[in-house]
Amino acid sequence: MSDVTKLIHEYLRHNKKFPHVFCAGCGHGIVLGSLVRSVHALQLQKDNVVIVAGIGCSGRMAAYVDFNTVHTAHGRALTFATGIKMANPELNVICVMGDGDALSIGGNHLIHAARRNIGVTALVLNNQIYGMTGGQCSPATPQGDMSMTSPFGSLEQPFDTVELAKAAGANFVARSTSFHANQLDKLMQQAIVHPGFSVLEALSPCPTQYGRKNKFRNVVDMYNWLKKNTVKVEKQKEGDTRIPTGVFQNLDRPGLEERYVELRQSLQAEE
Amino acid sequence: MKELQHIERFEIRLSGTGGQGLITLGRVLGHSLALGHGYNVTQTQSYGPEARGGSSRADVVISSSAISFPKTENLDLLIALSQPACNAYYRFLKRGGVLLVDSELVQHAPTNQFIGLPFTKLAKDKIGNELTLNTIVLGAVTHLLSFAEPRIMRKSLEEILPPKIQALNIKAFNLGLREAKRHLGDAPMIWQTAAENGVEEEMEGFED
Amino acid sequence: MAHRRRRKRKEIFAQGNEAVAQGALLAGCTFYAGYPITPSTEIMEIMAQRLPRTEDGVFLQMEDEIASMGAAIGASLTGRKAMTATSGPGFSLKQELIGYACMVEAPMVIVNVMRGGPSTGLPTSPAQGDVQMARWGTHGDHPIIVLSASTVPECLEMTVVAFNMAEKYRTPVILLIDEVTAHTREKISIPFEDELEVLSRMQPAVPPEWFKPYAEAARGVPAMAAIGQGYRCHVTGLTHDQMGYPTSRPDEVNEFMTRLFRKIDNYYHDVLIVDEYQLEDAEYAVVAYGCVARSAHHAVDQARARGHKVGLLTLKTLFPFARPAVEKLCMQCEHILVPEMNMGQISREVKRVNNGRTRIRTLNRVDGQIITPSEILKAIL
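Residue numbers (the UniProt record's numbering), protein chains in the order written: chain A, 1 to 271; chain B, 1 to 208; chain C, 1 to 381.
Next comes the structure, spelled out in structure tokens:
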């Protein structure tokens, strides 16, 4: 049996009615694969892994994997994840969100999770569009790009997930793409084991909704675009406008749940 | 321990300006009458959004039996520590009820049937701390209420207040008690006078 | 149990909000997430003081009202008894996730201390304007339990009842109190732990490979596995089948929705709590709840003293509506008065149950002041 088949048997839910919802060419499956490979490589107990997902294409990922999975409401995944981690700090809580979840409706939760440094791994699958609802403009849609709700090109400047998470004080911030699967695996593992709040942005193409509206003739064009327009942050020279990938912030602050347990212990010692 | 005096329903309103410590006063009074004395007590409050300034009031209802309505409708005792409070609440005083004012802050009482002490001035001059105003009022109120025991009130003050300010507040409480005894006369007399005035008014009303 | 009687309960002179916090701790609440809002803030402040001092208690101040709901549901899914408290504007914000809690059948308690509304309204004044919102606030058809309390000791008692019902029926329970009840101070005696019945959710009785997380276990309620217990379930706000996976098959959807209602509707005898006072021979009845029930109690006493046959029905469960108790009054009394601090939210229910049998009168006040006994007395006489 091939390694991939073994992983599929071990980590995908065979009682779930496949096929999945992802379109052909969608990058989300690659990110999901990376997540499974990372959990396997880190030898995490399935019983202790919790996937908390938002709404949208990325939100559907939770149903396919054989962990504890919670498919929450739009934008609120991080609030559930915070409650779960605080209630049981032993769990590995991984929060899967799209760009709409993390940057728009749940933007407040993202910056506050970073500020309070809760021990959760936030995985932001950025496809620069609202895919499931039919291709509307998101806060990650590049300025000038087309969508159903920006038919004349988006006027607004998009958020940079990495810069936002860094500024809000996230302990670990990284970016990769679904083209760079090996790098994604490596960063995913780092993000999961890093204490405190980690943010990993994965640029993940949406050929059906974003590609068609923005002159990508086929799926391969979109992956080629990722290849051409990204650069490892270590190799990026001044004036290079390509999107940097890699690790952008690596701090060593203890997670909120650790500090809370310490507080509780010190209060009990007092009594 | 003395046997508890039977009270049907006794309503007190403490009113004035925010920052005078009226809600704390209501809390101490209620705490003491409920837990120390053993009465049924409800204490409610009404306040604006301001932490300081603005109007403020606390209501205390005391009874030997269970209290249904927790707020006040017919006041037995109205304490007014500002002119606006006095004007606003005087009409809720029942016939035979007593009006107690800060005689410096309430210059124009709407009736000549009232008693007063310069609480704020006493706090400033005799205690040297304006914040003890509410505890001086508590002393005076304890004197006015025949069912309130000074000893138990002092104990309740000690239970509620942080240790740092207890001595000062006990001093203020004793001052209020003493001043009330000296200037307001014996408690039964005050209520008797009020009751008689009430009866007279009622008679007049009857003749119309 | 003679030795029990000898123990002296601890007595405190406390506010309704404090009694709610005490009740929550006695009921086994170990998780609180909230956001400050007048007039419920004292509940949060007490939990902030108390929970970190308990063995595994967690207190969290979240970034907003929605996040507080999310964190509390998350904690509930890990097996915790969780609570959040708020007031009008915050209660509006929590509505979407109240629906989520109904959908995934997450037990939890939401306290709403009602203040004047709509919008920012009267932050420091009492009202009873959120009654129908508590029932129908979240979108979609759903059952819910809404409780209320009118005195400080009742705040403690009903908070314990709220947690017990939440656990027993796997549902969010809303405790509606008002600013008067929340801020009135009264003497309460704290019961000993063994004096109270405290319920916990049903746990799976089968190994993970046999477990169906949304299959009825008893009374229409499924057993609940905690995250991390080895069951690795899927929880979703999408309509789901017995395994917890999304479904749109009409037969599965219908089975799920009807069970959701049935688990509460079939247990009215357990869920409906009312207090009857002087009703045996009453010709005139007052139906009230919250702080207004106290005014009504006073008014009933005054009316009885004058020889009028008046009684009081106090609703401690607001929803599901106490149909049997109210129906009885509709047959027995010539008049029913429903005083409330809104323009008629419970009187609407009373009229529905009455179905034209007797005369229903309303007494409404929306000026941020409690309805007084004399107003009720005037309406009765």
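A virtual CB, placed ideally from N, CA and C, is assigned to each residue, including glycine.
Secondary-structure assignment with DSSP links Tyr47 of chain B through a beta bridge to B:Ser56. When rounded, the separation of the alpha-carbon atoms in Asn127 of chain A and Thr84 of chain C is 35 Å.
Looking at the backbone, the Cα of Leu144 of chain B and that of Gly96 of chain B are separated by about 14 Å. If you look at Ile144 of chain C, you'll find it isn't in any alpha helix (DSSP H); DSSP assigns it neither H nor E. CA-to-CA, the gap between Pro191 of chain C and Val160 of chain C works out to about 11 Å.
Exclusion of the five residues before and after Val58 of chain C leaves Phe31 as the residues of its chain whose Cβ lies within less than 6 Å of its Cβ. Your pair Arg294 of chain C and Pro70 of chain B checks out as a contact, with CB atoms roughly 6 Å apart and the cut at 8 Å.
If the five residues before and after Ala170 of chain A are omitted, its C-beta is found closer than 7 Å to the C-beta atoms of Ala114, Phe197, Ser198, Val199, Gln249, all from its own chain and listed in chain order. Comparing alpha carbon positions, the residue from A:Ser154, A:Met132, A:Met148, A:Thr149 closest to Pro142 of chain A is A:Ser154. A residue is called buried once 16 or more other Cβ atoms fall within 10 Å of its Cβ, and Asp125 of chain B, having fewer, is exposed. Scanning chain C for C-beta atoms nearer than 8 Å to the C-beta of Met97 of chain A yields nothing, as the closest lies near 13 Å away.
From the listed residues C:Pro339, C:Met103, C:Gly356, C:Ile371, the smallest Cα separation to Leu363 of chain C is found for C:Pro339. Taking C-alpha positions only, Phe22 of chain A is separated from Phe179 of chain A by approximately 16 Å. Counting only runs of at least 4 residues, the region 46-94 of chain A fully encloses the following alpha helix (DSSP H) elements, listed from N- to C-terminal order: 61-64, 77-87.
Under DSSP, the beta-bridge partners assigned to His240 of chain C are C:Pro246. Between Val93 of chain A and chain C, the shortest Cβ-Cβ separation is not below 7 Å. Apart from the 5 residues on each side of it in sequence, Arg178 of chain B sits with its Cβ closer than 8 Å to the Cβ of Gly139 in its chain, given in chain order.
At a beta-carbon threshold of 7 Å, none of the residues of chain A lie near Ile43 of chain C; the nearest stands roughly 18 Å away. For Pro373 of chain C, the closest Cβ of chain B is nearer than 7 Å.
Rounded to whole angstroms, the separation of the alpha carbons of Ala21 of chain C and Asn134 of chain B is 29 Å. Contiguous beta strand (DSSP E) elements confined to the region 250-294 of chain C occur at 274-277, 284-288, taking only those with 3 or more residues. Taking 7 Å as the cut-off, the beta carbon of Ala162 of chain C is found no closer than this to the beta carbon of Leu176 of chain C. Taking the Cα of Gly290 of chain C as reference, the smallest distance to any Cα among C:His298, C:Gly129, C:Thr151 is reached at C:Thr151.
In the DSSP assignment, Glu186 of chain C falls outside any alpha helix (DSSP H) and within the unbroken beta strand (DSSP E) covering 185-190.
Distance from the Cα of Ile243 of chain A is smallest, within the candidate group A:Lys213, A:Ala269, A:Leu226, A:Asp252, for A:Leu226. If you look at Lys232 of chain A, you'll find it in the beta strand (DSSP E) that goes 230-232. Close CB contacts of Ala53 of chain A within its chain, under the 8 Å cut and outside five residues either way in sequence, are with Gly59, Arg60, Met61, Ala62, Thr69, Val70, His71, Thr72, Ala77, Cys95, Val96, Met97 (chain order). Here the region 116-133 of chain C lies against the region 36-43 of chain C, with 3 or more beta-carbon pairs under 8 Å apart. Neighbours of Lys17 of chain A in chain C, taken as residues whose beta carbon is under 8 Å from its own, are Tyr245 in chain order. Residue state for Asp125 of chain B is assigned as helix, using DSSP reduced to three classes. In this structure, Ala87 of chain A places its C-beta atom within 7 Å of the C-beta atom of Thr78 of chain C. The beta carbon of Thr161 of chain A lies closer than 8 Å to those of Asp99, Ala102, Leu103, Val124, Asn126, Ala140, Arg175, Val199, Glu201 in the same chain, with the five residues before and after it left out.
The beta carbon of Ser32 of chain B sits closer than 7 Å to the beta carbons of Ile152, Met153, Ser156 from its chain, once the five residues preceding and following it are set aside; these are given in chain order.
Within the model, the alpha-carbon separation for Ile46 of chain C versus Glu209 of chain C is close to 42 Å.
Per DSSP, the unbroken beta strand (DSSP E) holding Arg361 of chain C starts and ends at 359-364. Within the region 36-66 of chain C, the complete alpha helix (DSSP H) runs of at least 4 residues fall at 41-50.
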